[in-house]
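Residue numbers (my numbering), protein chains in the order written: chain A, 7 to 226; chain B, 7 to 226. The beta carbon of each residue, even a glycine, is placed where N, CA and C say it ideally should be. Shown next, in structure tokens, is the structure this report addresses.
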DNA sequence: GTCTATATAGCGATAGAC
DNA sequence: GTCTATCGCTATATAGAC
């Protein structure tokens, strides 16, 4: 039957608490900076207990990534029935990732760490979620391109990677640390640079006509 | 006198070899992934000798960063007398950083590592170079904005940070690893997304007229 | 089942031999 | 002056007490 014992509920609640701590610590200090002792102390349990739930530090990171992908999927599901255009949905997703980052809840993993990346690639749950999210976004990207809202000269997967990269763009942290901008303004600025680029619209339009060379190098 | 002994020349040459190795290893494995033993082995000297030249691993990283900033400064000096517009010079700088990254010669430091960041902030050579490069770029940015080539709604320092961030954009590594693009095309694509944004020009122009909401959120 | 205490290993940094 | 050998510390992971 589907009956879940009280004991199992307690265990699951603690697991959630662990993943939540890992998520925040990964956002604050990154993977290499986070220690397992710290996680145990933050959750309020002994390290040995932590290892009863998760077999390794890599598994902890994977669990945190799965949770953030779960949340992303939930946000995608909301947007799917929102009546927004594909382009607006993509912007809304980008905005959401920036807000998660501002809230200090976006786990950051090192770009290059062969052991960790191998562990993540071997995690079926992580890879499945990542694929599902990527496919949904890919659909919206091609739709936005078909409607003429996203530059068709950019391959869809490059658009996808660009959006993923913006979800952990260090510029947000720098702007936040400078203290010169409100959170709202930071989000607006980063969305503008991501979707609109640095170039002014006037220049971009003028560059469409041959004879001038001020436009950014075309994506051949 | 300015006479430099043969011995000192040898020491300086070795120092250059050390920094060169550190630079490449930082680009390959990142700061946390790089070990001092590895550096010594790569240079072909004993670790103790390494510590005669540089007092710590952090100092090694700082030296590598100073060297890359030196090279950036040299490139800026070339561009300053090139006859290009400010906007074109900024694009040329961005292109150069992408090419350095493609060549596997862009050292990558962790975004969050208090000890390392403190050491870098305390390094006068590093901070001086960083300031000099930033100021030169800042001049070009404001000039490009005055000429209407860069969006004036974006504060100059945000443009600066965006360019710095593109110099270590992980998207380049992903595209390179996919093997689906030539180096030239990768550079073209990343320059296009950075300066031109994801949005198509047609949509961007249409959005200038009120009544539609397809443009990226304006930078208020 | 939970915690204390420890095993094990890797890395930054150094002392001492030649 | 250069290298071998090692120290000391930290962090992941585990065994055994209660």
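A check of alpha carbon separations from residue 157 of chain A across B/111, B/93, B/138, B/198 identifies B/198 as the nearest. For residue 188 of chain A, same chain residues with a beta-carbon under 6 Å away, outside a window of 5 residues either side, do not exist.
Between the C-alpha atoms of residue 176 of chain A and residue 12 of chain A there is a straight-line separation of about 43 Å.
The beta carbon of residue 133 of chain A sits closer than 7 Å to those of 127, all from its chain and outside the five residues before and after it, given in chain order.
Residues of the region 118-143 of chain B whose Cβ lies closer than 7 Å to any Cβ of chain A, in chain order: 118, 119. Boundaries of the alpha helix (DSSP H) around residue 177 of chain A: 176-184. Annotation for residue 114 of chain B: 32, 33, 36, 37, 174 place their beta carbon closer than 8 Å to its own, counting only its chain and skipping 5 residues before and after. Residue 35 of chain B reaches chain A at 118, 119, 120, counting residues in chain order whose Cβ is nearer than 9 Å. For residue 158 of chain B, the chain A residues whose C-beta falls within less than 8 Å of its own C-beta are 206, listed in chain order. In this structure, the beta-carbon distance from residue 205 of chain B to residue 202 of chain A falls below 8 Å. The three-state reading of DSSP puts residue 156 of chain A in strand, counting E and B together.
Just measuring C-alpha positions, the residue of B/28, B/192, B/131 sitting nearest residue 100 of chain B is B/192. Between residue 80 of chain B and chain A, the shortest Cβ-Cβ separation is not below 8 Å.
Around the C-beta of residue 137 of chain B, fewer than 16 other C-beta atoms lie within 10 Å, and the residue is accordingly described as exposed. About 7 Å separates the beta carbons of residue 74 of chain B and residue 29 of chain B, which is inside the 8 Å limit, making them a contact pair. Against residue 201 of chain A, the close residues of chain B are 203, 204, 205, 222, in the order they occur along the chain (beta-carbon pairs closer than 7 Å). In the displayed model, residue 118 of chain B falls within coil according to three-state DSSP, outside both helix and strand. Put simply, of B/195, B/62, B/154 the residue whose alpha carbon is nearest the alpha carbon of residue 93 of chain B is B/154. Contacts with chain B (Cβ-Cβ distance below 9 Å) from the region 161-189 of chain A involve 161, 163, 164, 165, 167, 168, 169, 170, 171, 174, 175, 176, 177, 179, 180, 181, 184, 186, 187, listed in chain order. The bridge partners DSSP lists for residue 205 of chain B are A/156. Counting the other Cβ atoms within 10 Å of the Cβ of residue 97 of chain B gives 16 or more, which makes it buried.
In the DSSP annotation of this structure, the continuous segment of the alpha helix (DSSP H) that includes residue 167 of chain A starts and ends at 162-172.
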